[in-house]
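J.: Going left to right, the sequence shown walks through residues 833 to 1177 as the working numbering numbers them. Before anything else, here's the structure in question.
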Amino acid sequence: MKIIRKDHLFWPVQISAWLIAALVNFMAQQRLPMNPTIRYLNSIGLFAGGLIVTSVFRYYVKKYGPVAPPRPLRVIALLLLASFLQAITWILIYFALFLPVAGVQTVPYTEMLVNLVPMMAVLLVWNLGYSGYHLIRRYHRSEVEKWQLEAEVQKAALGALKAQINPHFLFNSLNNIRALILEDPQLAREMITGFSELFRYALQYSEHKEVRLSEEIKMLDDFVKLLKIQYEGKLQYTISADPATLYEKIPPMVLQLLVENAVKHGIAVSSGAGEISVEISYSGRALSLTVKNTGIMARKNELEDSLGIGLQNIRSRLALLYGQDASLSFSEIPPFIVVEIRINK
């Protein structure tokens, strides 16, 4: 991940801040009875000394890392220590270099101590601001990297799940065609034509996270035509969709996998004719995709254990795309087994 560096802003801000501090100091000393030369040197010393000691502190932070131990009390202690050492350094620079220019050779220690406390306070404010900025910036960068990594992991997982769809769909369809070749070559040819259209759709949209529901319904109708060829008069199919839902988007191949599961666990194992119905509507604020098939669900756990890759794939993709805003549920409303997907919109 590319991080935009903001180091070029430091020096304008640094120089401006100490220049303002020096000007404020100069204005505050206007009413004090003091040598004008010392007044000017005080402000120049504040500017130069502050600039030097804080720039040295910045160099240390950049070289050895931000002052960020895990314990807050230790952070405060280190910043206080740094401010104290900076203030001592500033006083040595000021009294050793600047005052001799004004003819002041000796300075009482009490005057040094009087200057130490306010200078330490000013430097502590600077250190808190600078270290706080870097801590916040580092935290923000770590959060961005964390979410970017999570997005990449989800993208890779979703890609792996999508890669399962096409082989699953392909092998099931080819097995159906193979079963028809010897029994009815004409129907097998029709099934191959329909299958090619479906597989083209699968290749085209499987890379998409979501597709329009109207496209999925069209693909589902083509898929059911192939199923009716295979099961002849054994399959009865109905679909009901609220027109307002047709512009909603869902993960690709979801309806096809639901219907395929209904055939596998209902029609295929039934000795007589079976019924599959698809209902698409709004339930409150959620989009509801319901597939019902005739059958008996003796034990819910037994059904879920036998679902195979199709519905496991749906459940995983829903979790990756929508998190807690989507669900996949199973129930029995005799004579139907009901599988429902809800996606909060």
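We put the beta carbon where it would ideally sit given N, CA and C, even for glycine. Keep in mind that this is a model prediction, so the values were computed, not measured.
1) Quick check on this structure: which residue in M859, L1119 and Y1154 has the alpha carbon closest to the alpha carbon of L1045?
2) Exposed or buried, what is N1176 when buried is set at 16 or more other beta-carbons lying within 10 Å of its beta-carbon?
3) Suppose the cutoff is 6 Å on Cβ atoms and the five residues either side in sequence are ignored; what does the same chain contact list for S1109 look like?
4) Could you tell me the alpha carbon to alpha carbon distance between F842 and H966, rounded to whole angstroms?
5) Please give me, in chain order, every unbroken run of the alpha helix (DSSP H) with length at least 4 that falls completely inside the segment 1068-1102.
6) Would you kindly check if the distance between the Cβ of N1145 and the Cβ of L1059 is under 8 Å?
7) Report yes if the CB atom of T1122 is closer than 8 Å to the CB atom of E1107, and no otherwise.
8) Is there contact here, the segment 1025-1034 with the segment 1064-1083, by at least three beta-carbon pairs under 8 Å?
9) Round the Cβ separation of A919 and L960 to the nearest angstrom and send it over; I've been treating them as touching at under 8 Å.
10) Nearest to N1093 by CA position, among G1127, I1061, T1077 and A1151, is which residue?
11) Taking Cβ to Cβ, would you say I1099 is nearer than 8 Å to Y1063?
12) With M1085 and A1034 assumed to form a contact (beta carbons below 8 Å), what rounded beta-carbon distance in angstroms separates them?
13) Could you tell me the alpha carbon to alpha carbon distance between S915 and A854, rounded to whole angstroms?
14) Can you name, in chain order, every residue of its own chain whose Cβ lies under 8 Å from the Cβ of E1022, other than the five neighbours on each side?
15) Starting from G1106 and walking both ways along the beta strand (DSSP E), at which residues does that stretch end?
16) How would you write the range of the beta strand (DSSP E) that R1174 sits in, first residue to last?
T.: In short:
1) As a first step, residue 1045 is located in the sequence shown; it is residue number 213 there, counting from the start. Among M859, L1119 and Y1154, the Cα nearest to that of L1045 is on L1119.
2) As a first step, residue 1176 is located in the sequence shown; it is residue number 344 there, counting from the start. N1176 is exposed by the Cβ-count criterion.
3) One-based indexing of the sequence shown puts residue 1109 at position 277. Around S1109: T1070 and K1124.
4) For this step, residue 842 is matched to residue 10 along the sequence shown. For this step, residue 966 is matched to residue 134 along the sequence shown. Computed Cα separation, rounded: 12 Å.
5) 1086-1094
6) The residue you call residue 1059 lines up with position 227 of the sequence shown. The residue you call residue 1145 lines up with position 313 of the sequence shown. No, they are not a contact pair.
7) By one-based count along the sequence shown, residue 1122 stands at place 290. By one-based count along the sequence shown, residue 1107 stands at place 275. Their beta carbons are not under 8 Å apart, which means T1122 does not touch E1107 by this criterion.
8) no
9) Numbered from 1 along the sequence shown, position 87 holds the residue referred to as residue 919. Numbered from 1 along the sequence shown, position 128 holds the residue referred to as residue 960. That belief does not hold up - the Cβ atoms of A919 and L960 are roughly 14 Å apart, past 8 Å.
10) Residue mapping note: residue 1093 aligns to position 261 of the sequence shown, counting from 1. N1093 has its Cα closest to that of G1127, out of G1127, I1061, T1077 and A1151.
11) Taking the first residue of the sequence shown as position 1, residue 1099 is located at position 267. Taking the first residue of the sequence shown as position 1, residue 1063 is located at position 231. Their beta carbons are under 8 Å apart, which means I1099 touches Y1063 by this criterion.
12) Position 253 of the sequence shown, counting from 1, holds the residue named residue 1085. Position 202 of the sequence shown, counting from 1, holds the residue named residue 1034. Contact flag correct, Cβ pair sits at about 7 Å.
13) Taking the first residue of the sequence shown as 1, we reach residue 915 at position 83. Taking the first residue of the sequence shown as 1, we reach residue 854 at position 22. Between S915 and A854, the C-alpha separation is close to 18 Å.
14) Locating residue 1022 in the sequence shown gives position 190, where the first residue counts as 1. Contacts found: I1061.
15) Residue 1106 sits at position 274 when you count from the first residue of the sequence shown. It spans G1106 to S1115 - the beta strand (DSSP E) in which G1106 sits, taken as one unbroken run.
16) Your numbering for residue 1174 matches position 342 in the sequence shown. Where R1174 is concerned, the enclosing beta strand (DSSP E) stretches over F1168 to N1176.
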